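Please read the structure below before turning to the comments.
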Amino acid sequence: RGLSYLSSLTPPLFVVPAVGVYRSGKSHMLNRLRGLTTPYEGGFGVGHTRDTFTRGIHICGEAVEGLGTVVWMDTEGLFSAEEAEGSYGPKIFSLALLFS
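Residue numbers are given in the numbering used here: position 14 of the sequence shown equals residue 14, and the series is strictly consecutive.
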């Protein structure tokens with residue numbers, strides 16, 4: 001699904017990934033960079049508890065006239081309680097860096 005979505009966007013693509021530790025405000029920051037205000041309708045979901053809200057990678061393309069498409073990339077946070085012992089977080093981080 002993700003690849004077909006990216007293929008449908010107008011090139012060139014400019015990827016803006018948000019990566020970091022869990023519950024550090026990545027989704028909030030991307031929503032604000034997109035010019036959205038609470039409750040962020042049409043934006044990235046924001047949780048209000050200690051638990052991780054974003055799972056995996058969420059993307060949203062925004063066409064910019066005369067430029068191409070900005071691809072906002074929200075990622076699951078590193079070191080979440082659910083993945084503290086696993087390698088899932090570093091894989092997400094690496095994938096986001098490869099796209100940028």
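C-beta: ideal position from N, C-alpha, C; glycine also.
Nothing here was measured: the structure is a model prediction, and the numbers come from that model.
When rounded, the separation of the alpha-carbon atoms in threonine 75 and histidine 28 is 12 Å. Looking only at Leu67, Arg32, Thr37, Val15, the smallest Cα-Cα distance to isoleucine 57 is reached by Val15.
Look at phenylalanine 14 here: in three-state DSSP terms it is strand.
In this structure, the beta-carbon distance from leucine 13 to glycine 68 falls below 8 Å. In the three-state DSSP reduction, leucine 30 falls in the helix class (H, G or I).
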